[in-house]
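In the working numbering, the protein residues as written are 333 to 627.
Set out below in structure tokens:
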């Protein structure tokens, strides 16, 4: 009971919010929220939820290997996730056999992760944090990597947003108009990989979909407009990431518990609201004529 009452200790929460490492964690969560919120709608529209899970497992493999051999864990997670994205794209993960390809790679990566974590001679808590996240231990180096990844991913996304949206909306027409489908597929998968690698630091490899998928899925229930869906996804992801950290301070529980709870609650509310929608908003997707001019 004492621990339960401690969950609502606002004085302790406020005191912890004054600490530098907590403020750093909030900035990291905000950056990840922006990253996840921007990518999420495209991930959902391209039906890539399972591939995000597969990428997170390969990110865990890279992080576990880096932990075992004494390399930088953030860099290991990033290399593993980007490699997974490239593999998924090159092996035709968005074709009819995409689930099978993801399943094969995911299973292999999971097996390697178990091996690397079992061989790790250090504290098991450090290894466990790869599964559940440890945002308060991101540090200056981790913040730098996260900031660079966020800027790079958002910059590439801005440049490629229209063809990526067109490809998500009507891939057959996009291919017929000469849009480089395979190249864009691989590039986008690698962008997702970079985002997943950063998410592992905050919510862990097991629950990274709570930020990359759930906010965007919630937004899709209340609007059909890609622009509004992206705005809502950003707001939901930021609320989940930052709110999860704030709520986790007093009870000293893993951040992922609260991040997933907030994002799931938002999803349920949006799903309920979606059932009462009586009008269909305009869908601001690229037209064929517009894409021809862009070419």
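Think of the CB as a built atom: it goes at the ideal place given N, C-alpha and C, for glycine as much as any other residue.
Does the distance from the CB of residue i to the CB of residue j come in under 8 Å?
i, j, result
"residue 397", "residue 408", "yes"
"residue 529", "residue 413", "yes"
"residue 418", "residue 561", "no"
"residue 544", "residue 384", "yes"
"residue 527", "residue 360", "no"
"residue 606", "residue 554", "yes"
"residue 523", "residue 371", "yes"
"residue 382", "residue 343", "no"
"residue 486", "residue 445", "no"
"residue 376", "residue 508", "no"
Please list, in chain order, all residues of the same chain as residue i whose beta carbon is under 7 Å from its beta carbon, the five residues on each side excluded.
i, result
"residue 363", "478, 479, 482"
"residue 499", "506, 511, 513, 516"
"residue 579", "590"
"residue 496", "374, 516, 520"
"residue 569", "365, 368, 369, 372, 543, 547"
"residue 624", "The predicted model places residue 624 with a pLDDT of 46, which falls under 50 and marks its position as unreliable, so this point remains unresolved."
Within the continuous alpha helix (DSSP H) that includes residue i, where are the two ends?
i, result
"residue 493", "471–501"
"residue 545", "Run containing residue 545: none; DSSP gives neither H nor E here."
"residue 351", "No alpha helix (DSSP H) contains residue 351, which DSSP labels as neither H nor E."
"residue 341", "Note, residue 341: premise wrong, no alpha helix (DSSP H); not H, not E."
"residue 599", "587–606"
"residue 446", "430–451"
"residue 568", "558–581"
"residue 381", "381–401"
Which same chain residues, not among the five before or five after residue i, have their C-beta less than 6 Å away from its C-beta?
i, result
"residue 346", "none"
"residue 426", "In this prediction, residue 426 has a pLDDT of 47, which is less than 50 and means its spatial position is unreliable; nothing more can be read from the coordinates."
"residue 378", "500"
Relative to the ligand FMN, is the shortest distance from any of its heavy atoms to the C-beta of residue i smaller than 7 Å?
i, result
"residue 578", "The ligand FMN is not among the ligands present in this structure, which contains no ligands whatsoever."
Starting from the C-beta of residue i, find all residues in its chain whose C-beta is less than 8 Å away, skip the five residues before and the five after it, and write them out in chain order.
i, result
"residue 386", "416, 420, 434, 435, 437, 438, 441"
"residue 405", "395, 398, 399, 462"
"residue 542", "535, 572, 588, 591, 592, 595, 596"
Which whole-angstrom value is the C-beta distance of residue i and residue j, which I expect to be below 8 Å?
i, j, result
"residue 358", "residue 598", "Residue 358 to residue 598, Cβ: 19 Å. No contact."
Quick check: is the beta carbon of residue i nearer than 8 Å to any beta carbon in chain D?
i, result
"residue 364", "Absence of chain D from the displayed structure is noted, only one protein chain being present."
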